Structure formats: structure tokens, C-alpha cells
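2 protein chains.
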Amino acid sequence: MSRRSRPIIGILGGMGPDATVDLMRRVIVATPAADDCDHVHLLVDSNPDIPSRIAALIEGTGESPAPEIVKMAKRLEAAGAASLAIACNTAHFYAPDIRGAVSIPLLDMIELTAETIAQMALTHHRVGLLASTAVLNIGLYEKALSRSGITIISARRQSDLMDIIKAVKRGETGHIARHAFARIAAEMMEERVDLILIACTELSLLADSINPETPCLDAMDVLTREIVRQGLGGQLPNITEDKQISHG
Amino acid sequence: MSRRSRPIIGILGGMGPDATVDLMRRVIVATPAADDCDHVHLLVDSNPDIPSRIAALIEGTGESPAPEIVKMAKRLEAAGAASLAIACNTAHFYAPDIRGAVSIPLLDMIELTAETIAQMALTHHRVGLLASTAVLNIGLYEKALSRSGITIISARRQSDLMDIIKAVKRGETGHIARHAFARIAAEMMEERVDLILIACTELSLLADSINPETPCLDAMDVLTREIVRQGLGGQLPNITEDKQISHG
Numbered sequence: 003m004s005r006r007s008r009p010i011i012g013i014l015g016g017m018g019p020d021a022t023v024d025l026m027r028r029v030i031v032a033t034p035a036a037d038d039c040d041h042v043h044l045l046v047d048s049n050p051d052i053p054s055r056i057a058a059l060i061e062g063t064g065e066s067p068a069p070e071i072v073k074m075a076k077r078l079e080a081a082g083a084a085s086l087a088i089a090c091n092t093a094h095f096y097a098p099d100i101r102g103a104v105s106i107p108l109l110d111m112i113e114l115t116a117e118t119i120a121q122m123a124l125t126h127h128r129v130g131l132l133a134s135t136a137v138l139n140i141g142l143y144e145k146a147l148s149r150s151g152i153t154i155i156s157a158r159r160q161s162d163l164m165d166i167i168k169a170v171k172r173g174e175t176g177h178i179a180r181h182a183f184a185r186i187a188a189e190m191m192e193e194r195v196d197l198i199l200i201a202c203t204e205l206s207l208l209a210d211s212i213n214p215e216t217p218c219l220d221a222m223d224v225l226t227r228e229i230v231r232q233g234l235g236g237q238l239p240n241i242t243e244d245k246q247i248s249h250g
Numbered sequence: 003m004s005r006r007s008r009p010i011i012g013i014l015g016g017m018g019p020d021a022t023v024d025l026m027r028r029v030i031v032a033t034p035a036a037d038d039c040d041h042v043h044l045l046v047d048s049n050p051d052i053p054s055r056i057a058a059l060i061e062g063t064g065e066s067p068a069p070e071i072v073k074m075a076k077r078l079e080a081a082g083a084a085s086l087a088i089a090c091n092t093a094h095f096y097a098p099d100i101r102g103a104v105s106i107p108l109l110d111m112i113e114l115t116a117e118t119i120a121q122m123a124l125t126h127h128r129v130g131l132l133a134s135t136a137v138l139n140i141g142l143y144e145k146a147l148s149r150s151g152i153t154i155i156s157a158r159r160q161s162d163l164m165d166i167i168k169a170v171k172r173g174e175t176g177h178i179a180r181h182a183f184a185r186i187a188a189e190m191m192e193e194r195v196d197l198i199l200i201a202c203t204e205l206s207l208l209a210d211s212i213n214p215e216t217p218c219l220d221a222m223d224v225l226t227r228e229i230v231r232q233g234l235g236g237q238l239p240n241i242t243e244d245k246q247i248s249h250g
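Keeping their order, the protein sequence lines are chains A and B.
Basically my numbering = 1-based index in the first sequence + 2.
Basically my numbering = 1-based index in the second sequence + 2.
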């Protein structure tokens, strides 16, 4: 084995810990590797001490998560990270704080996803967003996609979608949750959207319950691809579009 | 939410990355948590730049992994880790190097497992070790258990066990691997062992194929329990012995 150092990708995690582990698993699967030494170098901070994002952003109570998130970013930079990523959609609200505190780039899941969608040939310029109410309310994807003239459509039954997210957080990923999620996705397609964007880790776990003919993009897959690309030193792995978007 | 900082547990990982993710998943499951903030603070270095342990220890070729492992330990200590753990049995060969380089404690999977077994009421003082040939050859568990007068028994068909480990590394965790592993475990019980010790991450993935009446201990579960205990500030979670050892 020839010795070479790969750039360290720092992951701001713990929001929640399951999402962090899921991102790591996706990176492993997406990396063309025959042995341990072929993998991406991840330095992962799975931190339980970040104040609730929901309390701060939606309920307007509780202290700001920004200082602890900035502290994590600085810790990862000091430990040698060449770039950073956040294993949580909502926490991208604090991306400007991170950028202001470190000198290494942030692989921004929201921006990367918006760029991916901007490069697609769309008919209606409408994207169905399956995300938590927190992500909808802070308008992260709305802002990023509006720059490309794309309109965000949320689920008709957003409160039912939140119930599914909560069920998945309790570990309920069985038939009931899968069926309910598939129905919400099917309803979304009646809204003349070009594709469905999954922007919630809990919902990613149910993604394969959606009709395989439905055009679908998962923000975590977009971030995964960029982490693997950066982690292999800028060399893009041979992932076909089909692995990210199924067009039936 | 009251703000409190939990001690950071640094994980030396990437040997391989799957084992690292598996340990994190076990820690999440073993932690009594109702929300993100209830979890253990892990700082995980999933490092592909560690020279092959097999090449260095068994084949006697290739450079020593010790310097890179020591570098990881120092990096995690500098980033604030209060203690360290290694998500790999074989890499515990380098535990003395780590202890010599940092001033924080190492949660030693081999020592913790040996202590756990030493506290058991054994009849034959014989433990059946299901591990890779590398772990057998370097005698890690043999040394630790011999201090308690316990003899290690290896599998009759160790080369078949290695074939199973390699199959799991290729992702083959289906019926064939499970059946073969269950047979090797059954043969082990014919050797008058008090219990079977699983000391290989790949084999942990097949553990539930073993006859549930077989007394069985998984070293990763012992390490997981100590990580959770330390990670919650020394407070032992309410895990019953039954969750670690099944006596039928």
C-alpha cells in the first residue's frame, strides 16, 4: 500500500446522532473501495450539546445553537479538517455563522442541492419539498431555489408528514409509515412538480417506499456525493445520475 | 433544556469504516435517550491512512501502523477527548503506543472484556474465541484472559471462519454465512467452553444466527457499555446482563 494522506472532511453531527451515522454509511457505500485504505477520511463530531434548533428557530425559545455549532466547526478545523459538512438540513440555517468563523470551505447541502436542481431540464420549474416544518418555515430551500426561478411546493398534508417524521424518530419505519409517506409523495406529484426533493433524514429512510417512477432527489445523496468527491481529492467517483435520481 | 457539557469520547476508527459506524450505532441504541441532547458525545476519526494491520502483524510486510494510530490519538486528545476507544480488535495491539503518547485513558476493549469474563462464575474456565486469525495470532485475548486462569479455545475450522469474515466484508450476510457461522459456534460448544466470545466486528453482524441458548459475549457490546457509561459522566445505563449475554 502506498502511503498518501487524504483530505479530512469534518462532519458537524449529532443533529441527531442517527442522521450522522446515516450520512457516514452513505459515504462508505458511495466510495469505490476495495479495502479500508480506499475510503474517505471523516472526522465526525456527534455532539449532543447543541441547543435545540426547533426551540430556537420555530418556537423562539431557548438559547441559540450558533455558538456551539461555531465551536464544533473551529474544533474540526483545528484538528485538521480540509472542509466541513453538516449532517442536518435545519442546522444549515447557521451556515453563515460557520463561514464567518473558519477559513475552510463548507460543503453546503442546501446550495449543492439547489445547484444540482438548477442544472436539470425542468418543465414546470416546481419542486415538491418533503421536509420538516422547521425547514419549510425558515425557507432554506425556498431562498436557494428561487434564484433559479424555481417554486417550492410543500405537502398538502404537512402535519401528517410531521407525524411520519416523528414516528421514524421513534424507530417506526414499518409498513404504516411507508404507506403514509408513499401517499403524501403521490399527492405531491398531482401538483405538477418536476421532482420531489427529500430534505429530511428521517424521510430518507422511507425513500424507497415512493413509486419508483417518481422523479426524486435526496439532499443527503447530493451532500454524500460532494463529500466523496472532496474526500478523494477532487476525483469524482463514477456514480451515474440514475443512482441519485430515478426517472423510471 | 439545561446546558451541560458531556465528556467527549474519542473513537479511533476506519479499521474498517463499517466497524466504526457499527460501534456508533451500538452506542446510540444503548443510550437511554428521548432527544438528541441525551446522547453521548463522540468524536470519531474514521481514518483510511492507517497502514494495514494484517500486513504489519501477520505478514510481516509493510510499515507499522503505530505512528498513524498515535497521531490519531493525539489529534483526538488535542480536540478535547476525555477518553479514547478503538473500534477494532486487532488494532488493540497498539494500545501500549497510545497509552505512551496521551494522558487520557484508553477504554481498552480487550481488558474490559477480560474483566467482564473474570467476574463470571465459570465451570470449565474455557472461553471459545470467534475472531480473525490475526487476533488469534497476536494473542491479545489469550494474554488478557490467562491472568484469570482462563484458556482460549479457537474454532476447529478457523480457516472456514476466516472465509465467513471475508464474505461479510464483501457484504454477504445472508443465509449461507449465517448457517456456516451457527455451525462453527455449535461445534465450539462441544469443546466444553463456558461461553463464546465474539471478537470480530464482521462476526458481530451474524451473532443472532447463533442458537439463543448458547452463552455468548460480544466484545463490541462490552466496549459500547463502557463508552455509554463514560459518555454519560460515569452513570451506568440500565442495561441488564441479559442484553449482553443470553443464557437461554
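We put the CB at the ideal spot given by N, CA and C, even for glycine.
Being a predicted model, the structure only gives us computed values, none of them experimental.
**Request:** Select from B/Leu45, B/Ser206 and B/Met164 the residue whose C-alpha is nearest the C-alpha of B/Arg77.
**Result:** On the second sequence, residue 77 of chain B is found 75 positions in, with the first residue counted as 1. B/Arg77 has its Cα closest to that of B/Leu45, out of B/Leu45, B/Ser206 and B/Met164.
**Asked** Which same chain residues, not among the five before or five after A/Asp220, have their C-beta less than 7 angstroms away from its C-beta?
**Response** On the first sequence, position 218 is the one that residue 220 of chain A refers to. Hits under 7 angstroms: Ile200, Ser206 and Ala209.
**Item:** Beta carbon proximity, B/Pro19 to chain A, threshold 8 angstroms
**Value:** Position 17 of the second sequence, counted from the start, is the residue given in the question as residue 19 of chain B. By this cut-off, B/Pro19 is an interface position.
**Request:** Rank B/Ser134, B/Pro19, B/Ile178 and B/Lys168 by C-alpha distance to the C-alpha of A/Val42 and give the top, closest one.
**Result:** Within the first sequence, numbered from 1, the residue matching residue 42 of chain A stands at position 40. Checked all of B/Ser134, B/Pro19, B/Ile178 and B/Lys168; the closest Cα to A/Val42 is B/Pro19.
**Request:** Using alpha carbons as the reference points, say which of B/Ala68, B/Lys171, B/Pro9 and B/Ile13 lies closest to B/Met222.
**Result:** For the purposes of this step, residue 222 of chain B is identified with residue 220 of the second sequence, where counting begins at 1. Residue B/Ile13 is the option with its Cα nearest to B/Met222.
**Prompt:** What's the call for B/His177, buried or exposed, on a 16-neighbour Cβ count within 10 Å?
**Reply:** Residue mapping note: residue 177 of chain B aligns to position 175 of the second sequence, counting from 1. B/His177 is exposed by the Cβ-count criterion.
**Asked** Is the number of C-beta pairs between the segment 59 to 71 of chain B and the segment 89 to 106 of chain B that are closer than 8 angstroms three or more?
**Response** Cβ pair count under 8 angstroms is three or more, so yes.
**Asked** Using a Cβ-Cβ distance under 8 angstroms, would A/Ser206 count as near chain B?
**Response** The residue you call residue 206 of chain A lines up with position 204 of the first sequence. The Cβ of A/Ser206 sits no closer than 8 angstroms to any Cβ of chain B.
**Message:** Less than 8 angstroms between CB atoms is the rule here; does B/Asn213 satisfy it with respect to chain A?
**Reply:** The residue you call residue 213 of chain B lines up with position 211 of the second sequence. With respect to chain A, the C-beta atom of B/Asn213 has no partner C-beta closer than 8 angstroms.
**Item:** Secondary structure of B/Arg128, DSSP reduced to three states
**Value:** To locate residue 128 of chain B, count along the second sequence from 1; it is residue 126. Assignment of B/Arg128 by DSSP, reduced to helix, strand and coil, places it in the strand class.
**Message:** Three Cβ pairs or more, each shorter than 8 angstroms: is that satisfied between the segment 109 to 121 of chain B and the segment 182 to 193 of chain B?
**Reply:** No, the segment 109 to 121 of chain B does not touch the segment 182 to 193 of chain B.
**Request:** Return the first residue and the last residue of the alpha helix (DSSP H) that A/Ile186 is part of.
**Result:** One-based indexing of the first sequence puts residue 186 of chain A at position 184. Residue range His177 to Met191 is occupied by the alpha helix (DSSP H) that includes A/Ile186.
**Prompt:** Do B/Leu131 and B/Tyr143 have their C-beta atoms closer together than 8 angstroms?
**Reply:** Position 129 of the second sequence, counted from the first residue, corresponds to residue 131 of chain B. Position 141 of the second sequence, counted from the first residue, corresponds to residue 143 of chain B. Result yes, Cβ atoms of B/Leu131 and B/Tyr143 sit closer than 8 angstroms.
**Asked** Among B/Leu59, B/Ala36, B/Asn49 and B/Ala89, which residue has its Cα nearest to the Cα of B/Glu228?
**Response** Position 226 of the second sequence, counting from 1, holds the residue named residue 228 of chain B. The residue with the shortest Cα to Cα distance from B/Glu228 is B/Ala89.
**Asked** By how many angstroms is the C-alpha of A/Ile60 removed from the C-alpha of A/Leu138?
**Response** Reading the first sequence from its first residue, position 136 is the one you call residue 138 of chain A. Reading the first sequence from its first residue, position 58 is the one you call residue 60 of chain A. If you take the alpha carbons of A/Leu138 and A/Ile60, they lie about 10 angstroms apart.
**Asked** What first and last residue would you give for the beta strand (DSSP E) that runs through A/Ala84?
**Response** Counting from 1 along the first sequence, the entry for residue 84 of chain A is found at position 82. First-last of the beta strand (DSSP E) with A/Ala84: Ala83 to Ile88.
**Prompt:** Using the rule of at least 16 other Cβ atoms within 10 Å of the residue's Cβ for burial, across every protein chain shown, is B/Gly250 buried or exposed?
**Reply:** On the second sequence, position 248 is the one that residue 250 of chain B refers to. Residue placement at B/Gly250 is flagged as unreliable, the pLDDT there being 31, under the threshold of 50; a coordinate-derived value is accordingly withheld.
**Item:** Cut-off 7 angstroms between Cβ atoms - residues of its own chain near B/Ala188, not counting five sequence neighbours on either side
**Value:** If you number the second sequence from 1, residue 188 of chain B lands on position 186. Its chain contains Asn213 as the residues whose beta carbon lies nearer than 7 angstroms to that of B/Ala188, once the 5 sequence neighbours on both sides are disregarded; these appear in chain order.
**Request:** Identify which residue in B/Ala87, B/Ser211 and B/Ile152 has its Cα closest to the Cα of B/Arg231.
**Result:** Here residue 231 of chain B corresponds to residue number 229 of the second sequence, with the count starting at 1. With distances taken between Cα atoms, B/Arg231 lies closest to B/Ala87.
**Request:** State the DSSP-derived secondary structure class of B/Ile152, mapped to helix, strand or coil.
**Result:** The residue labelled residue 152 of chain B in the question sits at position 150 within the second sequence. Coil.
**Asked** Quick one, which residues of the segment 125 to 140 of chain A are near chain B if we go by CB-CB under 8 angstroms, in chain order?
**Response** Listed in sequence order: no entries.
**Prompt:** For chain B, is any of its Cβ atoms less than 8 angstroms away from the one on A/Gly151?
**Reply:** Within the first sequence, numbered from 1, the residue matching residue 151 of chain A stands at position 149. Interface residue (Cβ-Cβ distance to chain B less than 8 angstroms): A/Gly151 is not classified as such.
**Request:** Answer with buried or exposed for B/Val31, where buried requires no fewer than 16 other C-beta atoms within 10 angstroms of its C-beta.
**Result:** What you label residue 31 of chain B is simply residue 29 of the second sequence in a count that begins at 1. B/Val31 should be labelled exposed.
**Message:** On a Cα-Cα basis, can you pick out the residue from B/His126, B/Arg128, B/Ala133 and B/Glu79 that is closest to B/Leu108?
**Reply:** Within the second sequence, residue 108 of chain B is the residue found at index 106, counting from 1. That would be B/Glu79, whose Cα lies nearest to the Cα of B/Leu108.
**Asked** Is DSSP giving B/Ser4 helix, strand or coil here?
**Response** As a position in the second sequence, residue 4 of chain B is number 2, starting the count at 1. Residue confidence is low: B/Ser4 scores 45 on pLDDT, short of 50, so the model does not pin down where it sits. No coordinate-derived value is stated.
**Item:** Distance between A/Gly102 and B/Ile166 (C-alpha atoms, nearest Å)
**Value:** Translated into the one-based positions of the second sequence, residue 166 of chain B becomes position 164. Translated into the one-based positions of the first sequence, residue 102 of chain A becomes position 100. Answer to the nearest angstrom: the Cα atoms are 50 angstroms apart.
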